[in-house]
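In this note's numbering, the protein residues as written are 167 to 415.
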């Protein structure tokens with residue numbers, strides 16, 4: 167299939183066991199260029215396990231992962247990030263006690279030399295580039311030094327998405343990004359996700375809330391009990407059909 171051959175990421179025949187529990191049963195999963203894929207399923211369907219394999223948290227017990235047609239193996243989440251796969255988790259996307267700019271550059275802080283010997287954080291650059299990153303997702307905040315704990319839930323997710331866009335992530339994984347947010351904040355996060363395509367970033371939106379993911383997804387992949395049981399372009403399916411598949415016993 168031509169589109170699959172040019173996909174930024176492909177996972178082929180992925181299996182995973184946990185102490186005798188068969189969590190993933192030969193799953194094939196791919197994401198196309200500039201595509202938003204909704205990965206849906208009820209609790210225990212296997213979607214989080216699949217994504218943790220793609221993000222380097224777990225190794226697959228069987229199967230292969232390809233990035234831009236090259237087989238890869240991740241030794242850690244940092245290894246996945248270095249290759250352009252970043253994950254925004256619902257509860258750990260940002261460090262609340264740090265400022266916006268420290269969160270944007272966390273683990274990748276720019277430095278400059280002082281007196282030719284000591285390396286110090288380049289705070290001026292961090293502040294300027296942070297505001298530019300926030301503007302890229304249309305998030306207008308008054309200062310990059312604001313502690314993240316002072317932001318709303320939707321704004322915190324926006325900071326995490328801005329960070330991924332700034333560092334030219336190829337695949338952004340969003341794990342239940344609208345969970346526990348108000349309706350207004352959820353709509354803002356969905357706008358952030360829609361803006362990823364204009365930056366050339368493909369995304370995977372993991373959720374059990376069809377009403378959030380359906381309007382913005384190009385394609386929807388349904389998982390149930392460790393298997394992929396559906397893979398549809400949005401125009402080929404409906405919320406009602408997807409709900410039936412998600413709740414199959």
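Ideal Cβ placement from N, Cα and C applies to all residues, glycine included.
Taking the alpha carbon of residue 299 as the point to measure from, which residue in 353, 332 and 262 has its own alpha carbon closest? Translated into the one-based positions of the chain shown, residue 299 becomes position 133. It is 332 whose Cα lies nearest to the Cα of residue 299.
Bridge partners - residue 175, DSSP secondary structure assignment: Here residue 175 refers to the residue found at position 9 of the chain shown. In the DSSP output, where bridge partners are listed per residue, residue 175 has 197 and 233.
For a test of your reading of the model: does the CB of residue 230 fall under 6 Å from any non-hydrogen atom of the ligand ATP? Yes or no. As far as ligands go, the structure on display features none, and thus does not contain the ligand ATP.
Along the beta strand (DSSP E) that carries residue 253, what are the first and last residues, could you check? Taking the chain shown and counting its residues from 1, the one referred to as residue 253 is at position 87. Start and end: 251 to 255.
Under the three-state DSSP convention, the category residue 310 falls into: Here residue 310 corresponds to residue number 144 of the chain shown, with the count starting at 1. It is coil, neither helix nor strand.
Inter-residue CB distance, residue 296 and residue 266 (contact presumed, cutoff 8 Å): By one-based count along the chain shown, residue 296 stands at place 130. By one-based count along the chain shown, residue 266 stands at place 100. About 6 Å separates the two Cβ atoms, so the contact holds.
Return the CA-CA distance between residue 370 and residue 252, expressed in angstroms with no decimal places. Residue mapping note: residue 370 aligns to position 204 of the chain shown, counting from 1. Residue mapping note: residue 252 aligns to position 86 of the chain shown, counting from 1. Between residue 370 and residue 252, the C-alpha separation is close to 10 Å.
Can you give me the C-alpha to C-alpha distance between residue 368 and residue 312, rounded to a whole angstrom? By 1-based counting over the chain shown, the position of residue 368 is 202. By 1-based counting over the chain shown, the position of residue 312 is 146. If I take the Cα positions, the gap works out to 29 Å.
Which one of 387, 388, 380 and 398 has the shortest CA to CA distance from residue 405? One-based indexing of the chain shown puts residue 405 at position 239. Taking only the C-alpha atoms, the option nearest residue 405 is 380.
Top-ranked residue by Cα proximity to residue 278, from 270, 292, 310 and 269: Within the chain shown, numbered from 1, the residue matching residue 278 stands at position 112. Among 270, 292, 310 and 269, the Cα nearest to that of residue 278 belongs to 292.
According to the Cβ coordinates, are residue 255 and residue 341 closer than 7 Å? Walking along the chain shown from the start, residue 255 turns up at place 89. Walking along the chain shown from the start, residue 341 turns up at place 175. Cβ distance < 7 Å, so residue 255 and residue 341 count as in contact.
Here's a check: name, in chain order, each residue in its chain whose Cβ is nearer than 6 Å to the Cβ of residue 357, leaving out the five neighbours to either side. Counting from 1 along the chain shown, the entry for residue 357 is found at position 191. So no residue of the chain qualifies.
Inter-residue spacing [alpha-carbon to alpha-carbon] between residue 184 and residue 294: Position 18 of the chain shown holds residue 184. Position 128 of the chain shown holds residue 294. Using only the alpha carbons, I get a separation of about 46 Å.
Give the straight-line distance between the Cα atoms of residue 216 and residue 280, rounded to the nearest whole angstrom. Residue numbering aside, residue 216 sits at position 50 when the chain shown is read from its first letter. Residue numbering aside, residue 280 sits at position 114 when the chain shown is read from its first letter. Whole-angstrom Cα-Cα distance: 45 Å.
Evaluate residue 222 with the Cβ neighbour count: other Cβ atoms within 10 Å of its Cβ, from every protein chain shown; 16 or more gives buried, anything less gives exposed. Walking along the chain shown from the start, residue 222 turns up at place 56. It counts as buried.
Hey, out of 180, 263 and 219, whose CA is closest to residue 244's CA? As a first step, residue 244 must be located in the chain shown, where it is residue number 78. It is 219.
Which residue marks the beginning of the beta strand (DSSP E) containing residue 338, and which one marks its end? As a working note, residue 338 is residue 172 in the chain shown. Taken as a continuous stretch (DSSP letters only), the beta strand (DSSP E) holding residue 338 covers 337 to 341.
Could you pull out every residue in the same chain whose Cβ sits closer than 7 Å to the Cβ of residue 190, ignoring the five residues on either side in sequence? Locating residue 190 in the chain shown gives position 24, counting from the first residue. Once the five neighbours on either side are set aside, the close Cβ partners of residue 190 are 180, 181, 182, 212, 215, 216 and 392.
By how many angstroms is the C-alpha of residue 387 removed from the C-alpha of residue 321? Within the chain shown, the letter at position 155 stands for residue 321. Within the chain shown, the letter at position 221 stands for residue 387. Between residue 321 and residue 387, the C-alpha separation is close to 28 Å.
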